[in-house]
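There are 2 protein chains.
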Amino acid sequence: MAKVTPRTLSGFMELLPADQMKMERMMQILRESYAVYGFTPLDTPVIESAEVLLAKGGGETEKQIYRFQKGDSDLALRFDLTVPLAKYVAANYANLSFPFRRYQIGKVYRGERAQRGRFREFYQADIDVIGDGKLDISNEAEIPAIIYHTFSRLGLSKFKIRVNNRKLLNGFYAMNGMSEKAGEIMRTVDKLDKIGPQKVKQLLIDEVKMLPDKSENVLDFMAIQGSNDYVLSRLEEYRQMNEPTFNQGLDELIEVTKYLAAFGVPEENFAIDLTIARGLDYYTGTVYETVMTEHPEIGSVCSGGRYDNLAEYYTDRQLPGVGISIGLTRLFYVLSEQGLLSDDIVTAPCDALVLPMTEDLGAAVSAATVLRNAGVRTQIYGEKKKFKAKMSYADKIGAPFVLLLGEDEIAEGLVSLKDMTSGEQQKVSAAEAARLIREVVDERGKKPVIKDR
Amino acid sequence: MAKVTPRTLSGFMELLPADQMKMERMMQILRESYAVYGFTPLDTPVIESAEVLLAKGGGETEKQIYRFQKGDSDLALRFDLTVPLAKYVAANYANLSFPFRRYQIGKVYRGERAQRGRFREFYQADIDVIGDGKLDISNEAEIPAIIYHTFSRLGLSKFKIRVNNRKLLNGFYAMNGMSEKAGEIMRTVDKLDKIGPQKVKQLLIDEVKMLPDKSENVLDFMAIQGSNDYVLSRLEEYRQMNEPTFNQGLDELIEVTKYLAAFGVPEENFAIDLTIARGLDYYTGTVYETVMTEHPEIGSVCSGGRYDNLAEYYTDRQLPGVGISIGLTRLFYVLSEQGLLSDDIVTAPCDALVLPMTEDLGAAVSAATVLRNAGVRTQIYGEKKKFKAKMSYADKIGAPFVLLLGEDEIAEGLVSLKDMTSGEQQKVSAAEAARLIREVVDERGKKPVIKDR
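Protein sequences appear in the order of chains E and D.
Under our numbering, residues 1 to 453 are what the first sequence spells out, in order.
Under our numbering, residues 1 to 453 are what the second sequence spells out, in order.
What follows is the structure, encoded as structure tokens:
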């Protein structure tokens with residue numbers, strides 16, 4: 001028969017088993033971490049009506065979208081999890097309680113030009129808090145705590161949550177009479193990290209057509225950095241300008257930093273960073289980015305902010321919210337490329353491989369049942385192979401433990417438990433084997449999936 | 001602004017939060033249960049090249065498939081998880097160890113005619129064991145144990161795993177000289193449940209054109225039922241016919257029933273059922289169906305079987321396997337329709353809702369941090385609302401516990417813990433509150449998600 005070459009499309013991540021185990025572990029931590037902060041899981045379709053999905057329309061999005069006809073229907077694959085959330089909240093408004101806190105971990109689709117590290121199908125892991133009409137600033141204050149605990153549980157330690165406030169920025173530009181150039185200025189300031197303050201200043205003068213002293217003002221403002229107390233005290237100096245948007249933004253920033261200690265967020269993992277802007281028209285309050293301090297080249301691994309109007313294309317109701325998103329597929333890819341995924345966690349399909357050494361499998365099956373009832377991930381190797389081939393299989397899948405069941409063990413009602421790491425072997429009861437295996441596996445299960453220490 | 005009506009496509013399941021919690025619980029149990037039997041998680045793309053996905057081609061599948069162009073690419077959405085598995089195993093053969101045991105829980109797409117209870121996007125939850133060249137019968141013997149433990153953990157008790165063997169059937173038809181009519185006969189026998197033996201016999205005579213005594217033979221054979229020992233002893237009577245396929249099928253069936261007790265499967269949840277055939281050309285050995293005994297109208301909730309050639313369209317390698325599939329979305333739908341989903345598990349977004357009664361949220365945040373560090377799913381209600389509105393929110397989301405933090409509590413360094421089920425309220429430390437909440441919530445967490453007792 002003529003064969004079709006089995007292949008996976010470029011831009012679509014498909015992992016081998018050991019890597020997939022690490023990915024699953026990361027997803028499980030995200031689910032647990034989001035749940036502990038009181039977010040409810042949501043699952044929306046991958047396919048939506050194109051009219052619904054593209055209600056906002058325009059821009060890069062529409063070019064990248066997977067859109068197609070099925071029968072008479074004009075369909076599209078979701079390109080993020082925010083638009084489906086807006087649809088869901090607008091459609092189910094009467095059945096939801098606000099603030100509505102949901103998390104969603106799901107695949108989204110963008111037909112980007114294929115290149116290394118760019119994905120056309122990728123997981124986003126989002127949380128959002130949606131208010132009905134109003135949403136208290138305390139919700140914005142909680143976000144850094146969620147980011148901190150989530151990344152800590154993943155194993156990261158050298159990361160910084162960088163926070164800014166759009167009202168503060170807009171107010172600052174207003175008090176300098178630069179409101180109409182705010183967008184252009186923010187895009188230029190965004191290059192500070194790459195080209196440094198001198199070149200940014202020159203660009204502000206040459207291309208944004210700002211006066212030198214105004215551009216100096218901008219650079220002075222952006223250069224404010226240090227401890228939260230120091231940055232806030234420097235910002236207080238601007239309060240006397242009585243620019244209401246600025247002052248509201250400052251009040252919000254104070255509120256967001258106020259509870260950090262009570263939330264258990266160390267100040268070393270947090271920084272007010274006035275250079276952060278995050279998109280130009282969507283966010284209206286606090287904005288967040290998260291960077292791995294020793295891997296700035298990775299860019300932000302968790303970003304988001306406050307917005308005032310989630311579902312304006314679907315409803316007249318004012319639905320403000322705050323949310324963050326982790327680009328999980330890309331994060332996994334860069335961590336893997338950087339060698340930052342740990343090999344400490346068990347990536348084998350099982351914790352224990354049971355090797356029957358007799359024709360009858362009864363004793364092996366009974367031992368496996370004891371292990372499984374004790375929560376040990378157990379596989380019975382029933383293939384009729386030589387001992388060497390069986391042990392080689394155990395090695396290849398990386399099973400941490402092997403149970404040998406020969407005539408002697410069966411006669412004694414015991415199992416031979418071999419620790420594949422140390423090579424040690426002992427005869428014990430199946431129940432005792434289960435206990436010993438759980439001890440080791442549970443300990444390894446506590447090890448972080450990312451190594452960043 | 002003109003609004004777009006927010007709607008979800010028909011045939012696409014999108015649940016409200018409480019139902020979604022139940023669905024997540026079911027998925028989590030499936031993941032854990034499959035893992036405990038030594039299956040590794042796999043995740044493949046939703047989109048594949050149409051050429052790869054439709055390598056087999058033909059039939060209903062091709063009509064229902066979501067297929068579209070993107071740029072120059074002819075793409076399609078996966079319609080099951082078996083074809084992507086075949087592709088994966090063929091493509092990654094050199095990097096896998098065999099037997100390769102994987103589970104996958106994922107969405108698949110079929111553009112069926114929309115009707116109540118039919119879904120175009122639905123979850124399948126599959127396990128498969130793939131051998132390289134050979135695969136021992138013991139793998140087929142293990143499948144009923146996996147089904148039994150998985151459904152038991154979901155909360156089902158009144159279910160039966162019905163097992164048959166295709167070799168046994170083929171051998172039986174061969175010994176009666178009816179091999180060329182086997183397909184037609186099986187399709188007719190499939191109606192036994194619905195129309196009874198007399199009408200089936202008439203159909204066999206009138207439409208399949210069988211002689212009356214031959215059709216009698218078929219009905220006698222199909223009528224064999226009872227305990228495993230009884231059924232097997234009746235089947236032994238046919239062994240003297242020396243039909244090799246039949247005898248091999250009988251040996252396999254004996255092997256599959258032999259270890260049931262050692263696997264912990266009660267005989268009441270298992271039955272050899274000679275009327276089961278499951279599709280006509282794919283399966284070659286043991287076949288499985290699972291029915292809820294008090295809800296036969298639901299049909300099989302978990303089916304599968306042994307096949308000899310997983311990836312014949314992609315590779316010359318012989319890759320035999322055995323697998324089962326749960327149609328999770330449909331199962332959830334019918335359980336919900338039948339009122340069989342339990343309300344015992346906590347479906348609120350949080351276990352504890354913290355209600356600050358003062359302007360400053362510091363004490364509330366600190367208490368929430370204690371709870372969260374203890375694994376209590378905790379939400380802080382920071383909205384500036386009246387007490388009554390706050391309690392009404394707690395009621396509406398179904399929070400099992402509320403923590404009140406007023407001036408008195410803050411002065412005493414305690415929290416008022418209100419059990420929303422009993423209405424009881426007590427002042428305790430945050431740590432003690434966490435302990436009390438965990439006690440109740442962990443207990444409710446052990447309750448099954450399906451009520452079938």
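C-beta atoms are modelled at their ideal positions from N, C-alpha and C, and glycine is treated no differently.
Where the alpha helix (DSSP H) containing residue i begins and where it ends
i	result
aspartate 395/D	387 to 397
aspartate 206/E	192 to 206
arginine 153/E	138 to 154
lysine 167/D	166 to 175
methionine 186/D	182 to 189
alanine 114/E	It is not in any alpha helix (DSSP H) - alanine 114/E carries neither H nor E in the DSSP assignment.
valine 346/E	Neither: valine 346/E is in no alpha helix (DSSP H) and is coded neither H nor E.
alanine 411/D	407 to 412
N-terminal and C-terminal residue of the beta strand (DSSP E) that residue i is part of
i	result
alanine 271/E	270 to 272
aspartate 126/D	121 to 130
serine 342/E	That residue, serine 342/E, is in no beta strand (DSSP E); it is neither H nor E in DSSP.
Local Cβ density within 10 Å of residue i, reported as buried at 16 or more and exposed below that
i	result
glutamate 439/D	exposed
glycine 57/D	exposed
methionine 210/E	buried
lysine 390/D	buried
serine 422/D	exposed
tyrosine 230/E	exposed
phenylalanine 387/E	exposed
threonine 358/E	exposed
proline 144/D	buried
glycine 131/D	buried
aspartate 136/E	buried
asparagine 170/D	buried
proline 266/D	exposed
asparagine 242/E	exposed
arginine 162/E	buried
aspartate 360/E	exposed
alanine 434/E	buried
arginine 239/D	exposed
Simplified DSSP state of residue i, which is helix, strand or coil
i	result
isoleucine 276/E	coil
valine 502/D	The requested residue 502/D is not part of the displayed model; chain D covers only 1 to 453.
glutamate 237/E	coil
arginine 247/D	Reading the sequence as shown, one finds asparagine at residue 247/D and not arginine. Three-state result, asparagine 247/D: helix.
proline 17/D	helix
glutamine 64/D	helix
valine 52/E	helix
tyrosine 282/D	coil
proline 320/D	coil
glycine 57/D	coil
glutamine 28/D	helix
tyrosine 93/D	helix
alanine 223/D	coil
methionine 23/D	helix
proline 99/E	coil
lysine 427/E	strand
phenylalanine 401/D	strand
arginine 372/D	helix
Integer Cβ distance of residue i from residue j, believed to fall under 8 Å
i	j	result
glycine 285/E	glutamate 140/E	6 Å
alanine 262/E	glycine 413/D	Incorrect: roughly 14 Å between the Cβ atoms, too far for contact.
phenylalanine 221/E	phenylalanine 270/E	Incorrect: roughly 20 Å between the Cβ atoms, too far for contact.
serine 436/E	leucine 417/E	Here the sequence assigns leucine to residue 436/E, which means serine is not the residue at that position. With a Cβ gap of about 6 Å, leucine 436/E and leucine 417/E count as contacting.
alanine 311/D	alanine 94/D	With 8 Å as the limit, alanine 311/D and alanine 94/D do not qualify as a contact, their Cβ atoms being about 14 Å apart.
glutamate 14/E	threonine 5/E	Wrong, their Cβ atoms sit about 15 Å apart, outside the cutoff.
valine 346/D	proline 400/D	6 Å
glutamate 283/E	tyrosine 314/E	It should be pointed out that residue 283/E corresponds to tyrosine in this sequence rather than to glutamate. Not quite, the Cβ-Cβ distance comes to about 20 Å (not below 8 Å), so this is no contact.
isoleucine 276/E	glutamate 289/E	5 Å
glutamate 252/E	asparagine 309/E	At roughly 18 Å, the Cβ-Cβ gap does not stay under 8 Å, so glutamate 252/E and asparagine 309/E are not in contact.
Check whether the region 119 to 138 of chain E and the region 313 to 332 of chain E are in contact - that is, three or more C-beta pairs closer than 8 Å. yes
At least three beta-carbon pairs within less than 8 Å, the region 75 to 82 of chain D to the region 111 to 119 of chain E: no
Given 8 Å as the limit, is there contact between the region 62 to 75 of chain D and the region 33 to 41 of chain D, that is, 3 or more CB pairs closer than that? no
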